[in-house]
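Chemist:
In my numbering, the protein residues as written are 133 to 443.
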């Protein structure tokens, strides 16, 4: 069985029930909501041996996050620290025309001070693939340097390094992201992003295939996958495009769909599936995830297989 290591922060999401507003709600729900841990969960549910690495505060909230990740099937290997805190994300769902509200409270998060020496680099070097995301790199210069080191170690012995752009303007500016990515992206084999993120961070405009090809060529990625929301997703490898249409679903919660796509896409790459098959599996996983409440992609392999067969 292939091994995937993911490295990053998992904050705790606090939300009022349903589409209620904080101002009128007496109750809230809590959920772990990290990109890297979500990808680990999605890939694990699809048959990959995964493990999430991070630095976590030895607090009740930190222990709660770890317990939740274990409940959803993610193995963990963390450095517990007495200082620092767990990042918090306040999220208020909404339906158009009202917009969702997201407030990040991640200053001083333990993962912001995470160094390579606090990670199991032996696990990373021995893995078939290592995955990280921009939302963790955005926490601090130290975190960005650690992500770079993890990706470099992951590919040192022939492993696959995968990076999800995961650009969040509430965490950093496009300019700051571009500066940090100058060091990170040379260590990346596979880039995953959505269309608007590629346009914003890399200052690209034009037809979507032109945007994807331009970024892939500039950074010489082995493979680039770009999600396009209702228009599906594309992948480009060696200047050859693969496209997959979106699958229509009744959306219960779209929060974890991109992470489900990434986890399924990587899982397929680790089985030596060609890009078009990995792409369709990612789209199927995202569709299944949209039918599940909450931000964690607790997808079922048989459901994803069935949906992919219908494409």
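Beta carbons: idealized from backbone N, C-alpha and C, even for Gly. As the structure is a prediction and not an experimental result, all values here were calculated from the model.
Between residue 469 and residue 189, is the Cβ-Cβ spacing less than 8 Å?
Modeler: The chain is shown only over 133 to 443; residue 469 falls outside these bounds and no answer can be derived.
Chemist: Check whether the Cβ atoms of residue 136 and residue 260 sit closer than 8 Å, and answer yes or no.
Modeler: Closer than 8 Å, so yes.
Chemist: Return the chain-ordered list of same chain residues with a C-beta closer than 7 Å to the C-beta of residue 299, the five sequence neighbours on each side being excluded.
Modeler: Answer for residue 299: 266, 309, 329, 332 and 333, listed in chain order.
Chemist: Between the beta-carbon of residue 139 and the beta-carbon of residue 391, is there less than 8 Å?
Modeler: Contact flag unset, no.
Chemist: Sort 361, 263 and 441 by Cα distance to residue 317 and report the nearest one.
Modeler: Ranking the options by Cα distance to residue 317, first place goes to 263.
Chemist: Compare the beta carbon distance of residue 285 and residue 257 with 8 Å and say whether it is the shorter of the two.
Modeler: In contact: residue 285 and residue 257 (Cβ atoms closer than 8 Å).
Chemist: Using 8 Å as the Cβ pair cut-off and three pairs as the minimum, do the stretch 142 to 161 and the stretch 172 to 182 touch?
Modeler: The stretch 142 to 161 is not in contact with the stretch 172 to 182.
Chemist: Tell me whether residue 186 is buried or exposed, calling it buried when 16 or more other Cβ atoms sit within 10 Å of its Cβ.
Modeler: Result: buried.
Chemist: Identify, in the order they occur along the chain, each residue of the same chain with its Cβ nearer than 8 Å to the Cβ of residue 168, setting aside the five sequence neighbours on each side.
Modeler: Within the same chain, residue 168 has close Cβ partners 138, 139, 140, 141, 142, 184, 186, 263, 264, 265 and 268.
Chemist: If you measure between the beta carbons of residue 322 and residue 354, is that distance less than 8 Å?
Modeler: Yes. Within cutoff.
Chemist: With DSSP run on the structure shown, which of helix, strand or coil describes residue 145?
Modeler: Reduced to three states, the DSSP call for residue 145 is strand.
Chemist: Rounded to whole angstroms, what is the Cα-Cα separation between residue 312 and residue 273?
Modeler: Rounded to the nearest angstrom, the two C-alpha atoms are 8 Å apart.
Chemist: Taking only beta-carbon positions, decide if residue 396 is within less than 8 Å of chain B.
Modeler: In the structure shown, chain B cannot be found, because there is only a single protein chain.
Chemist: So the candidates are 403, 380, 395 and 398; which of them puts its Cα closest to the Cα of residue 439?
Modeler: Among 403, 380, 395 and 398, the Cα nearest to that of residue 439 belongs to 380.
Chemist: Just to check my reading of the structure: residue 248 and residue 208 have Cβ atoms closer than 8 Å, yes? What is that Cβ distance to the nearest angstrom?
Modeler: Not confirmed; about 18 Å, so no contact.
Chemist: Using a Cβ-Cβ cut-off of 7 Å (strictly less than) and excluding sequence neighbours within five positions of residue 407, which residues of its own chain qualify?
Modeler: The residues are 355, 367, 369 and 374.
Chemist: Going by other Cβ atoms of all chains shown within 10 Å of its Cβ, with 16 needed for buried, is residue 399 buried or exposed?
Modeler: Buried, by the Cβ-count rule.
Chemist: Taking residue 206 as the reference, give the member of 238, 364 and 166 with the closest Cα.
Modeler: The shortest Cα separation from residue 206 among 238, 364 and 166 belongs to 166.
Chemist: Tell me where the beta strand (DSSP E) around residue 369 begins and ends.
Modeler: From DSSP, the beta strand (DSSP E) with residue 369 extends over 365 to 369.
Chemist: Please state the DSSP three-state secondary structure of residue 189.
Modeler: DSSP places residue 189 in strand when its eight states are reduced to three.
Chemist: Smallest Cα separation from residue 197: which of 221, 164 and 215?
Modeler: Cα-wise, what sits closest to residue 197 is 164.
Chemist: Can you tell me the Cβ-Cβ gap for residue 241 and residue 201, rounded? I've got them flagged as a contact below 8 Å.
Modeler: Rounded, the Cβ-Cβ distance is 16 Å, inconsistent with contact.
Chemist: Can you give me the Cβ contacts of residue 326 inside the same chain, cut-off strictly under 6 Å, excluding the 5 residues immediately before and after it?
Modeler: Around residue 326: 359.
Chemist: Less than 8 Å between the beta carbons of residue 395 and residue 376, yes or no?
Modeler: Not closer than 8 Å, so no.
Chemist: Between which two residues does the beta strand (DSSP E) carrying residue 164 extend?
Modeler: 161 to 164 is the extent of the beta strand (DSSP E) around residue 164.
Chemist: Can you tell me where the beta strand (DSSP E) with residue 153 in it begins and where it stops?
Modeler: First-last for residue 153: undefined, no H or E at that position.
Chemist: Is DSSP giving residue 237 helix, strand or coil here?
Modeler: Reduced to three states, the DSSP call for residue 237 is strand.
Chemist: Can you list, in chain order, the residues of its chain whose CB lies under 6 Å from that of residue 401, leaving out five sequence neighbours each side?
Modeler: Excluding residues within five positions, the ones whose Cβ falls inside 6 Å are 410.
Chemist: Report, in whole angstroms, the separation of the C-beta atoms of residue 305 and residue 345, which I expect to be a contact under 8 Å.
Modeler: Residue 305 to residue 345, Cβ: 25 Å. No contact.
Chemist: For residue 253, which three-state DSSP category applies?
Modeler: Residue 253: helix per DSSP, three-state reduction.
Chemist: Rounded to whole angstroms, what is the Cα-Cα separation between residue 226 and residue 324?
Modeler: Whole-angstrom Cα-Cα distance: 27 Å.
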